[in-house]
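Please read the structure below before turning to the comments.
Numbering (UniProt numbering), first residue to last: 1 to 1100.
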């Protein structure tokens, strides 16, 4: 019984050597039949050569450098040790290596007298043509380079075919290409594709060699092969058309017309490939004759209406027309058409079309913009984005948009016509929701718009105009659920700011749509985004800024002139816009270079925007005069320039509060008036009064949960740090000693009314969320867990977070237990009053046979008792909430005070008053239960130590030298007795807390004071030593603190400051010998301390 044996196909190795096949070198036409050639018997492998019966040892293989450097001709016989690696390098993905290998192979084949004809034929057949069918790495690219050069030398200027290689005729070489790249047998789809692409690459080598039009029959042979190849597979037709397009530059008009005739006969008319060929031909030969009525200049205005039908769904039409007949088809029966596939690759015809319209503009054509506008509108917008367009067509349209936007970026006439009506509508619809079919394509288009604006920022006004204009939507970001307009506004340049603001105002406030209130709020949001633009370093020193223009416009919008309000500005929208302005000012005040823009925005607000009586008007006019005086450039010079700028910021904020009709605005203006008088007074005693009064004002500002108030207070305090007195600092440090409860809140604020205001501000988070949007909210909600916020987190963050979570869990458990006990007490009271019990206590309740009704008087008495019981319960709940709010308010207030102290420590490290911060900071670290407060206080001490060390060392800069000089001058005025007293107090604090973090901070504070003492009087070293000895005595008596950390820091300090230990006239050796016994005891104590610490750590 015969069996059908399925033949297994093995993929060819392009570098393998097969036995030579007998090929007749003739000029016969190319045979492209699919007949499988007869297989030749493989040769027998030769045995290894032997010399005197001993096998000859193989030569050592050449290195890569040696192979590429040797350009001598290939030997007649095949040498795999040379050819194999060279052709391997020719297919490398490294371009440089590929080019070197190509140069070497060409030199070894054609250099000098060249190789023999049989050798060149073997390389073409076995290596180069077969290598084109390989998809390995970059084989096609490398092999194409070598083939192009060989073909050019064969039939080009050198004409080697007639001079040396007469057997390698054009027909013979082309036949070899077809034979070696023809898929034979039942092979896999990918391998078939590789063979077809290899043949296409080989044909392209003939075109690039520029040897086809010396004898026009060669071109016709190639063209017939391309047409036949295009019928094989639908995806080959665009590639074949691309090869034809590349050959156009070598044709004359007669050959071009013959080419069109052949393409028309092959039914190429009205296809994307026909459009591509026509565009190139008409550009090169404007008077070319078309072969039939189906061929025309598709880009002319007359025929643009036919172009969408040609370019849309071209894959499906091409598939049907290019389909080969089925040999198994029943005669007379209609052949079933294959369905075209949706490809994500854009046809090359769009590159040619785009290049055509770019050339029009380069030729200074007056109607280049109009021609492209008509093309885009009639072909792309009405063809690919119409309501009847399919989803694949719209996807292709998005790819066309991205292609034209990225490539046409340097050409404004291209970009400004891309945002057409149907495209913009489709873009907004598809980007609105993620479940839309083309959501990802629309998102990519939006990102392409953002990238284009980032590349050329001069396009920002144009793009924003089209996105918000009649084709787009005034609230484009809301419609598309994106941040495209927001990101575009962030790219605005100062030179475009005023123009862009006018454009947005016109488009948003005058456009049709929903209510006018929504329009004005959206306009306010755009201005807020522009006001938040951070200028680049190059524009930082410029007087004009994007944010400055936007801030002024936003201020005039929120506070319009009397009778000059825009439509939609109502009692509902005004507070929201003013909140936006406050938030923008808070961002502005962070940047010192925007000081002038900040004050100008306040001064440009018209006084008629708010109804005021005569007294308030006088206060406002006087405040504006003071503000204008302080912002005068002449007043900003001198030693007090920082103080003048800080006072100007306070006046600006106070004026804004007056416009907002806040009750304490007049009081703040009066305080600022006193500061102004004292600051400009020539009496030196007034400076101290200024600092104390200023601190009171700043503390009142930071007590409010407002970002603007906090940022302003910090900027103002930076300008006044040089004028601070001990009394003013005491006002700041006293706030750190307040208890973190209701009692501490009462001690911070003078009256109950102030306390209630602070509690409401701290506890009104939930009530204000619906009234103020997230974008414009200036209110800061600082909780206990994240109060440190912007200050960063150190290495102990995770550990402290875990400790806080544990504390919160414990507090919650206590609260639950307390709530359960109160609920039980309420149940008991109700049971006594009603003479009843809960349903789950029927078994425990006593039986009652009294079923008599209650009288009216008894009912009234019972009602009063029940009301009293419930009032007591409600009162307990309110008190609990008040205590919690009071605690959060005090903690928040301490955070703000620490922020101010951190500024003073950073800027005034050389000031003797900086030492007055140490003890209050340590005391707060020890008493507070909030880890963030303790950590921030410890960081201030560490930063103070670092700043003093940097100032003393001197970094080489002028600022460091000035700081070191200032430190020396200030240090001369230190009272050493006071410093010794401070050292003792710090050591007293050391012994009161056993945490490691506290010991580290206390040790830093102690060493700061020790350095200040011994740098002025080294003879006091023994007094300092005795003070540390007292600490050792306390630890030995009762422990309770981390003495090991303290003594380790002290010992290291002694080693790094040998010059401060003792004066030169002290006999250190005698004292050292006298104290040797004590030191031995101290060493034993230290060992004991370390052992105990290790035991404690192991226990933990």
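Heads up, the beta-carbon is just placed ideally off N, CA and C, and yes, glycines get one too.
All values derive from a computational prediction rather than experimental measurement.
Distance from residue 402 to residue 471 at the Cβ level is roughly 18 Å; contact not present, criterion being Cβ atoms closer than 8 Å.
For the alpha helix (DSSP H) assignment, the uninterrupted runs of no fewer than 4 residues enclosed by the segment 110-190 are, from N- to C-terminal side, 117-122, 129-132, 139-155, 160-163, 170-180. The residue among 1042, 641, 735, 886 with its C-alpha nearest the C-alpha of residue 741 is 886.
Taking C-alpha positions only, residue 737 is separated from residue 921 by approximately 9 Å. Put simply, the backbone Cα of residue 215 is about 12 Å away from that of residue 251.
Your pair residue 1020 and residue 976 checks out as a contact, with CB atoms roughly 7 Å apart and the cut at 8 Å. Per DSSP, the unbroken alpha helix (DSSP H) holding residue 502 starts and ends at 494-509. Membership of residue 219 in the alpha helix (DSSP H) is indicated by the continuous run 216-230. A direct Cα-to-Cα measurement between residue 698 and residue 713 gives close to 6 Å.
Residue 532 carries a coil assignment under DSSP once its states are collapsed to helix, strand and coil. C-alpha of residue 671 to C-alpha of residue 628: approximately 18 Å in a straight line.
Relative to the Cα of residue 245, the nearest Cα in the group 382, 280, 180, 583 belongs to 280.
Non-local beta-carbon contacts of residue 604 in its own chain, meaning distances under 7 Å to residues more than five positions away in sequence, involve 552, 555, 556 in chain order. Residues 205, 208, 209 of the same chain have their beta carbon placed closer than 8 Å to that of residue 148, with the five preceding and five following residues left out of the count. Taken through DSSP and simplified to helix, strand or coil, residue 362 comes out as helix. The continuous stretches of alpha helix (DSSP H) do not include residue 376, and DSSP gives it neither H nor E.
For residue 278, the enclosing alpha helix (DSSP H) starts and ends at 272-284. Distance from residue 200 to residue 243 at the Cβ level is roughly 7 Å; contact confirmed, criterion being Cβ atoms closer than 8 Å. Contact check for residue 448 against residue 517 fails: the beta carbons are separated by 8 Å or more. Taking the C-beta atoms as reference points, residue 669 is found nearer than 8 Å to residue 619. Between residue 522 and residue 508, the C-beta spacing is below 8 Å. Burial state of residue 410 is exposed, judged by a 10 Å Cβ sphere holding fewer than 16 other Cβ atoms.
In its chain, beyond the 5 residues on either side, 165, 167, 168 have a beta carbon closer than 7 Å to the beta carbon of residue 117.
For the pair residue 451 and residue 70, the Cα-to-Cα distance works out to about 48 Å.
The Cβ-Cβ distance between residue 248 and residue 272 does not fall below 8 Å.
Residue 706 carries a strand assignment under DSSP once its states are collapsed to helix, strand and coil. Between the segment 996-1014 and the segment 977-984 there are three or more C-beta pairs closer than 8 Å, enough to call the two in contact. Remark: fewer than three beta-carbon pairs, one from each stretch, lie closer than 8 Å, so the segment 169-180 and the segment 96-115 are not flagged as touching. Inclusion of residue 643 and residue 616 in the CB contact set at 8 Å is not warranted, their separation being larger than that value. 548 is the residue among 548, 524, 520 whose C-alpha sits nearest the C-alpha of residue 533.
In the three-state reduction of the DSSP assignment, residue 437 falls in the coil class. The beta carbons of residue 649 and residue 695 sit no closer together than 8 Å. In the structure shown, residue 474 falls within a coil segment according to DSSP collapsed to helix, strand and coil. Residue 97 and residue 109 have their C-alpha atoms spaced approximately 18 Å apart.
Relative to residue 181, the option among 82, 140, 468 whose CA is nearest is 140. Only exposed fits residue 458, as fewer than 16 other CB atoms lie within 10 angstroms of its CB.
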